[in-house]
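Engineer: Below: one structure in structure tokens.
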Amino acid sequence: MTEAVYYILLSLKTPNHGYGIIQNTLEITKGRLELGAGTLYGAVNTLLERNWIRLYSEDKHSRKKKQYLITEQGNAALEEEIKRLEELLENGRNIMCTETGREEKHEKI
7 MTEAVYYILL SLKTPNHGYG IIQNTLEITK GRLELGAGTL YGAVNTLLER
57 NWIRLYSEDK HSRKKKQYLI TEQGNAALEE EIKRLEELLE NGRNIMCTET
107 GREEKHEKI
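Throughout, our numbering is defined as the position within the sequence shown, counted from one, plus 6.
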């Protein structure tokens, strides 16, 4: 899962629209990750095809007013990604602590 998809899914735990997803991602990452429109809407289309998100509401008069929401499948994928990231972090910390001689296994690196 790409970082962009990860933050899009997190942003859709509650109904949200494209601009809201961009703003939420900026807030969560403290400005580090700024999603471009092409990245966002390309990912949204892929996530809709995978059934990881669904259309929540739509203003028929404006294509900008679509809101999306994560699905059960999307939640499951997000949970698996969080487990994968936790494993990466755990492995990295264990190796770094061994190499640096740190006593405490999870001392911040």
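Heads up, the beta-carbon is just placed ideally off N, CA and C, and yes, glycines get one too.
Drop a sphere of 10 angstroms on the beta-carbon of Thr8, count the other beta-carbons inside from all chains shown, and report buried for 16 or more, exposed for fewer.
Structural biologist: By the neighbour-count rule (16 or more Cβ atoms within 10 Å), Thr8 is not buried but exposed.
Engineer: Once you ignore the five residues that flank Leu53 on each side, which residues in its own chain have a CB closer than 6 Å to its CB?
Structural biologist: Same-chain partners within the cutoff: Ile59.
Engineer: Any chance the segment 19–29 sits against the segment 39–48, with 3 or more Cβ pairs inside 8 Å?
Structural biologist: A contact exists between the segment 19–29 and the segment 39–48.
Engineer: Among Glu96, Gln73, Glu55, Glu64, whose alpha-carbon lies nearest the alpha-carbon of Gln79?
Structural biologist: Selected option, being the one with the closest Cα: Glu55.
Engineer: Assuming contact is defined by CB atoms lying nearer than 9 Å, are Tyr74 and Leu18 in contact in what I supplied?
Structural biologist: Yes, these two residues count as a Cβ contact at 9 Å.
Engineer: Name the one or two DSSP bridge partners that Tyr74 has.
Structural biologist: BP columns for Tyr74 point to Asn22, Leu61.
Engineer: Which same chain residues, not among the five before or five after Tyr12, have their C-beta less than 7 Å away from its C-beta?
Structural biologist: Excluding residues within five positions, the ones whose Cβ falls inside 7 Å are Glu87.
Engineer: Check the C-beta distance from Leu118 over to Lys71 and give it rounded, since I have them as a contact under 8 Å.
Structural biologist: An answer regarding residue 118 cannot be provided, because it is not within the stretch 7 to 115 covered by the chain.
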